[in-house]
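Numbering (this note's numbering), first residue to last: 977 to 1405. Ideal Cβ positions, reconstructed from N, Cα and C, are used throughout, including at glycine.
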Amino acid sequence: MTLVVISPERDRADELAVLDALCAAGLERYHVRKPHASAVALAAWLQGVPTRWRARLVLHQHHELAARFGLGGVHHRDPGAEPASVAGDASAVSRSCHDLATLRAAAGRYPSVFFCPVFASVSKPGHGPVAAGELAAVSSWLRARTGEERRPEVLALGGVTAANAAQALALGFDGVAVIGAVWEAPDPVQAFRELQARVASASGAAVRPSLPPLMCLTQDGLPLSHVEQATRLVGAGARLLQLRMKGAEPARWRETARQVVDICHARGALCLINDSVEVALATGADGVHLGRTDGDWRAARERLGPGRLLGGTVNNAADAAAARAAGALDYVGVGPWRFTTNKRKLAPILGADGIRELVAQLAPLPAWAIGGIGAADLAAVRSTGAAGAAVSSVLFRDGRVEANYAALVAAWEQAAVGACSRAPAPAIG
977 MTLVVISPER
987 DRADELAVLD
997 ALCAAGLERY
1007 HVRKPHASAV
1017 ALAAWLQGVP
1027 TRWRARLVLH
1037 QHHELAARFG
1047 LGGVHHRDPG
1057 AEPASVAGDA
1067 SAVSRSCHDL
1077 ATLRAAAGRY
1087 PSVFFCPVFA
1097 SVSKPGHGPV
1107 AAGELAAVSS
1117 WLRARTGEER
1127 RPEVLALGGV
1137 TAANAAQALA
1147 LGFDGVAVIG
1157 AVWEAPDPVQ
1167 AFRELQARVA
1177 SASGAAVRPS
1187 LPPLMCLTQD
1197 GLPLSHVEQA
1207 TRLVGAGARL
1217 LQLRMKGAEP
1227 ARWRETARQV
1237 VDICHARGAL
1247 CLINDSVEVA
1257 LATGADGVHL
1267 GRTDGDWRAA
1277 RERLGPGRLL
1287 GGTVNNAADA
1297 AAARAAGALD
1307 YVGVGPWRFT
1317 TNKRKLAPIL
1327 GADGIRELVA
1337 QLAPLPAWAI
1347 GGIGAADLAA
1357 VRSTGAAGAA
1367 VSSVLFRDGR
1377 VEANYAALVA
1387 AWEQAAVGAC
1397 SRAPAPAIG
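Written as structure tokens, this is what we have:
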């Protein structure tokens, strides 16, 4: 379940300090809504956000700043703003909806949608809720969604608090977005933690983080050790690592994993372990990635519990059907995009068309394309609807880890900017 915090209605001197504490406490998505700020003023504010947290920010105004500051995306509010490019864009945009007709129109076009106001507003006295009949119709549609209709996560916004978050989830929403429940509280961070606990309890699962678009895999056989690779990658800004040690001796694997997990967590990055539930549990990793022959997904979920991430590998339509049916995965790796020397037993090459078909079949399960992907491929990868790309060899080319990672980030962001530039300009507000 997703938990989003939106910036306060009125500017606060302590907003940046609170934002830093919220992200450290596990907030994965923060919507920056500052309708009265000029582009210059907003840029100055964004400059004060620590670089490690910027990918968690979604911008409501002055969208052109998103790429400049490496933000996680942009949000559209105007009902007429329907960028043609949003179909297939897995992370760059979200929008607000106020009725069922608009919500249905957004299905399959936006990765994330706010429906509001669900309850009476905390931060705007006298605002909301939506008419009871409209909310009942929305709830009925939410609970009946299938296939592509489930692609946008639909979040309840407006008057959501720790006291009624469970009610919002019971209506069929995929998560909640809050403003006043956090910012009107005496201790915003404590209020956020209470919301986290309530949402997790009501959904029977932990609040899932929104994963960054670049998944960085460590690699055997390099001059850099796995620990050194992780250190360089998180230092460059990577926030999603997968420790991949094939055939390592168990004790060495666990010790390396402990060090890599510590390195990741010290910089706010997530660490996944490739192939081993046991190593993940023993080292406090954030999750596991299991290939098709590396273990049963449902059994792995039972061992991991709801609080850790679980990913799987998909190479064909049968794999995709199994991934959907398992009901245990948080994401999948889909490939190969092209030939790669990192896999000893490489599945048939899928290319863009093959990955596009599997991404559609997997929806709403997010997919990361994998297999020989470089910066020049990321626009095409993004066009398939993939949520991101898993990369390895390209990161370590010529020993230029930091420059290589920066080039990948820039290429992914430029793909979004290029797509948006071909669409009608959204109204800002």
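| query | result |
| --- | --- |
| Between E1004, V1114 and G1046, which lies nearest to Q1023 when the distance is taken from Cα to Cα? | G1046 |
| Evaluate contact between the region 1132-1150 and the region 1080-1094, counting only Cβ atoms and requiring at least three cross-stretch pairs below 8 Å. | yes |
| Closest to P1105 by C-alpha separation, out of D1238, D1075 and W1021, would be which residue? | D1075 |
| Evaluate contact between the region 1241-1260 and the region 1288-1307, counting only Cβ atoms and requiring at least three cross-stretch pairs below 8 Å. | no |
| Count the CB pairs spanning the region 1304-1313 and the region 1325-1332 that are closer than 8 Å, and state whether there are at least three. | yes |
| Tell me, please, which residues DSSP counts as bridged to L1217. | C1192 and C1247 |
| What do you get for V1016, buried or exposed, if any count of 16 or more other CB atoms within 10 angstroms of its CB means buried? | exposed |
| Sort G1002, A1153 and A1276 by Cα distance to R1169 and report the nearest one. | G1002 |
| Comparing alpha-carbon positions, which option in W1117, E1129, V1175 and R1121 lies nearest Q1143? | V1175 |
| Apart from the five residues just before and just after R1243, which ones in its own chain have a Cβ nearer than 7 Å to its Cβ? | R1028 and V1210 |
| Compare the beta carbon distance of G1263 and L1248 with 7 Å and say whether it is the shorter of the two. | yes |
| Can you tell which of H1036, E1040 and A997 has its C-alpha closest to the C-alpha of P1026? | A997 |
| If you draw a straight line from the alpha carbon of G1303 to that of P1128, how long is it in whole angstroms? | 18 Å |
| Can you look up R1071 in the DSSP assignment and give me helix, strand or coil? | strand |
| Please name the residue or residues paired with T1289 in a DSSP beta bridge. | G1309 |
| When you compare the CB positions of G1148 and T978, do they come within less than 7 Å of one another, or not? | no |
| Exposed or buried, which one is D1374 when buried takes at least 16 other CB atoms within 10 Å? | exposed |
| Is it buried or exposed for Q1166, if we count other Cβ within 10 angstroms and need 16 for buried? | exposed |
| Which residue wins for smallest C-alpha separation from E985, given the options Y1381, V1154 and A1082? | V1154 |
| Could you give the C-beta distance for A1494 and A1261, rounded to a whole number, given that I count them as a contact under 8 Å? | Residue 1494 lies beyond the stretch modelled for the chain, which goes from 977 to 1405, so this question has no answer here. |
| What is the DSSP secondary structure of F1091, reduced to helix, strand or coil? | strand |
| At 4 residues or longer, what runs of the alpha helix (DSSP H) sit wholly inside the region 1353-1399? | 1354-1359 and 1377-1397 |
| Can you tell which of L1035, Q1205, L1338 and A1000 has the C-alpha that lies nearest to the C-alpha of K1010? | L1035 |
| Can you find the residues in the same chain that come closer than 8 Å, C-beta to C-beta, to E1110, ignoring five residues on each side of it along the sequence? | D1075 and L1076 |
| Is the beta carbon of P1188 closer than 7 Å to that of L1217? | no |
| From F1372 to Q1195, what does the alpha carbon distance come to, in whole angstroms? | 9 Å |
| Can you pull the DSSP bridge partners for A1120? | Partner(s): none; A1120 has no beta bridge. |
| Relative to the C-alpha of H1103, which residue among H1052, R1044, G1156 and P1164 is closest? | G1156 |
| In the DSSP assignment, find the beta strand (DSSP E) that holds I982 and state where it starts and stops. | T978 to I982 |
| I'd like the list of long-range same chain contacts for A1042, defined as Cβ closer than 6 Å, with 5 residues on each side in sequence excluded. | L1035 and V1050 |
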